[in-house]
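Letter 285 of the sequence shown, counting from 1, is numbered 273 in the numbering used here, and no numbers are missing. All C-beta atoms, glycine included, are put in the ideal place defined by N, C-alpha and C. Values in this document were obtained by computation on a predicted structure and should not be read as measured data.
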Amino acid sequence: MRQPVKTALGSGLLLADGAIGTELQRRGLEPGACAEAWNIQYPDRVEEVHRAYVEAGARFLTTNSFRGTRFALAGFGLGDRAAEVNRRAAELARRAAGDRAWVLGSIGPFGGFLEPLGDTSPEELHSWFREQASALLEGGADGIVLETMASKEEVGVGIRAARAAGAALVAAMMTFEKGKGTCRTMMGVAPEDAAKFMADEGADVVGSNCGTGLSMPDYAAIVAGFRSATGNPVLIRPNAGSPELVGDRVVYRQAPEAMAAEVMSLAGAGANIIGGCCGTTPGHIRAFGAVLRRGVDHES
Ligand SMILES: [Zn+2]
């Protein structure tokens, strides 16, 4: 029997899954196309990605719903089907997970700007996030994960919306880029500040994913920054190196073994849950698991 998701948090270092988007591209999703539409068009391919991550040892799966707000889906003519798209996303991950993994419903940035930079009010954004979170939970997600957030205000709205939808666990991740020697979000937020803010807003798990121009030591520094600011579990999901453009495709070249060789540094910095973001594959997650198990054995 699957335990309630919060019991997972006390049980040592856990593996999460890797990228969904780049895995779907390997299965034919065109760059710029709507990945979330595949929950309806090609459910088998989406489920196959989730299943590969379970087989690789991931205990947390992320649903294929990153751009799943009504606002973002409207750009693909699916705005009115937002609930269905998200419910399907959770059902597919849930089916692949069985009792072997927990499912976190993914919510990414809505893709616009809040007032006064844009014309979206926090109340409107809350209603979109809440609709998305409710559908993900209805489809069987154990909790909600906010991903790749750059703005404190937006992630704050997301955390409150996930809570309002009744999520048993809310994880929140911001994304950083390398500036003059330090990591900041696009909006200038430092890791310590992000961690404290998200924990204060009510996130059970805080962390970081994706990023621009970051090496593994940068990701480890972000984890250390989070660790210094909060006692909450820390989740980290690095990219497989920096993106390179090949034709019209973005590729990530860091191989599973090369990345896994540095993964202990994330655990050493205080990470509790480790997965991957863009360009990481089931092969990366399997390699992470092998290294982390060896590392933990060494310590005990
Ligand atoms: Zn990413």
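Rounded C-alpha distance that separates Pro110 from Gly131: Going from the Cα of Pro110 to the Cα of Gly131 covers about 22 Å.
Under 7 Å Cβ to Cβ from Tyr41, same chain only, skipping five residues before and after it: list those, please. Asp5, Gly6, Leu49, Pro270 and Ile273
Three-state secondary structure (DSSP) at Gly144? helix
Between the C-alpha atoms of Glu232 and Leu3, what's the straight-line distance to the nearest angstrom? 26 Å
Mind checking Met174: buried by the 16 CB within 10 Å criterion, or exposed? exposed
Taking 8 Å as the threshold, find out whether the segment 14 to 28 comes into contact with the segment 249 to 264 through three or more Cβ pairs. no
Only counting runs of 4 or more residues, tell me where the alpha helix (DSSP H) segments fall wholly within the segment 6 to 56, in order along the chain. 9 to 14, 26 to 29 and 31 to 43, all fully within the segment 6 to 56.
Let's test the definition: count the other Cβ atoms within 10 Å of the Cβ of Glu142 and tell me whether it reaches 16, buried, or not, exposed. buried
For ligand 1, which residues have a Cβ under 5 Å from at least one heavy atom, in chain order? Result: Cys198, Cys265 and Cys266.
Runs of alpha helix (DSSP H) wholly within the segment 149 to 221 (minimum 4 residues, chain order): Counting whole runs of 4 or more residues, the segment 149 to 221 contains the alpha helix (DSSP H) stretches 179 to 189 and 204 to 217.
Closest Cα partner of Ala77 within the set Gly219, Gln120, Gly67 and Met186: Gln120
Could you check what DSSP says for Ser94 in three-state terms: helix, strand or coil? strand
Compare the beta carbon distance of Met204 and Met186 with 9 Å and say whether it is the shorter of the two. no
Taking Cβ positions, are Tyr240 and Thr10 nearer each other than 9 Å? yes
Using the C-alpha atoms, what's the distance from Arg237 back to Ala178? 31 Å
Can the beta-carbon of Ile147 be found less than 9 Å from the beta-carbon of Ala191? yes
Starting from the Cα of Gly349, find the closest Cα among Leu102, Gly100 and Glu79 and give me that residue. Nothing can be reported for residue 349, as the shown portion of the chain is limited to -11 through 288.
Which two residues bound the contiguous beta strand (DSSP E) that contains Pro104? Here Pro104 belongs to no beta strand (DSSP E), and DSSP marks it neither H nor E.
Can you give me the C-alpha to C-alpha distance between Phe164 and Leu223, rounded to a whole angstrom? 14 Å
How would you call Gly264, buried or exposed, if buried means at least 16 neighbouring beta carbons within 10 angstroms? With 16 or more other Cβ atoms within 10 Å, it is buried.
Beta-carbon within less than 6 Å of Arg118's beta-carbon, same chain only, minus the 5 sequence neighbours each way: which residues are those? Ala149, Ala152 and Ala153
Which residue wins for smallest C-alpha separation from Val34, given the options Ala243, Val73 and Ala209? Val73
Pro244 lies in the alpha helix (DSSP H); which residues open and close that run? Per DSSP, Pro244 belongs to the alpha helix (DSSP H) from Pro244 to Ala248.
Option nearest Ser196 by Cα separation, candidates Ala138, Trp90 and Gly219: Ala138
CB-CB under 7 Å to Glu180, same chain, minus the five flanking residues each way: which ones, in chain order? The residues are Gly213, Ser216 and Ala217.
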